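Peer 1: Numbering (this note's numbering), first residue to last: 2 to 145.
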């Protein structure tokens, strides 16, 4: 597994242009939030009279990934993850269509990220992009 510094350096290599950096300050949290919303929208697990939303199941490998990077990163991402869950839960309580809102946010975030890649003049590979979905929020919170 890559070290945190290497992940952030790799991410930074694909995000050097100042406009693309600003785009990512909006698009990356939006992408992460929308993925939380999409997972939230999946039918819950039920067993022995208990109901469990898939978002909590997804949190386990995320927590392990971030904890392996560093304790401070795992705590920061725990806070961000819980903020995303709180926002999605609020939409659900208000009976707003979480799935559709999440698709809309993901689409808009993807479009502006694509604009950023065009400005940057380079796109990450699919493998990099998948990793960058997890690393992007850390870069956003740590980047000045």
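The C-beta atom is built at its ideal place from N, Cα and C for all residues, glycine as well. Here the structure is a predicted model, which means the values were calculated and not measured.
Could you check which residue in 10, 43, 8, 83 has the C-alpha nearest to that of residue 98?
Peer 2: Nearest C-alpha to residue 98: 43.
Peer 1: Tell me where the alpha helix (DSSP H) around residue 5 begins and ends.
Peer 2: It spans 5-14 - the alpha helix (DSSP H) in which residue 5 sits, taken as one unbroken run.
Peer 1: Using only the alpha-carbon positions, how far apart do residue 9 and residue 140 sit?
Peer 2: One C-alpha to the other measures close to 6 angstroms.
Peer 1: To which residues of the same chain is residue 125 closer than 7 angstroms at the C-beta, ignoring the five residues directly before and after it?
Peer 2: Within the same chain, residue 125 has close Cβ partners 15, 133.
Peer 1: Alpha carbon to alpha carbon, how far is residue 3 from residue 95?
Peer 2: Looking at the two C-alpha atoms, the distance is approximately 40 angstroms.
Peer 1: Look at the Cβ atom of residue 39, then the Cβ atom of residue 103, and state whether they are nearer than 8 angstroms.
Peer 2: It is a contact, given that the beta carbons lie within the stated cut-off.
Peer 1: I believe residue 107 touches residue 32 by the beta-carbon criterion, under 8 angstroms. Please report the beta-carbon distance rounded to the nearest angstrom.
Peer 2: With 8 angstroms as the limit, residue 107 and residue 32 qualify as a contact, their Cβ atoms being about 6 angstroms apart.
Peer 1: Applying the criterion that 16 or more other CB atoms from any shown protein chain within 10 Å of the CB defines a buried residue, is residue 29 buried or exposed?
Peer 2: Buried, by the Cβ-count rule.
Peer 1: With a threshold of 7 angstroms on Cβ separation, who are the neighbours of residue 92 within its own chain once the five nearest residues in sequence on each side are excluded?
Peer 2: These residues qualify, in order along the chain: 99, 102.
Peer 1: Take residue 121 and list the residues in its own chain whose beta-carbon comes closer than 8 angstroms to its own, dropping the five residues that flank it on each side.
Peer 2: Closer than 8 angstroms at the Cβ level, and outside the excluded window around residue 121, lie 15, 16, 17, 18, 21.
Peer 1: Could I get the ranges of all uninterrupted alpha helix (DSSP H) runs contained in the segment 46-96, with 4 residues as the minimum, in chain order?
Peer 2: Within the segment 46-96, the complete alpha helix (DSSP H) runs of at least 4 residues are 55-70, 72-94.
Peer 1: For a test of the three-state rule: what should DSSP assign to residue 23, helix, strand or coil?
Peer 2: Three-state result, residue 23: helix.
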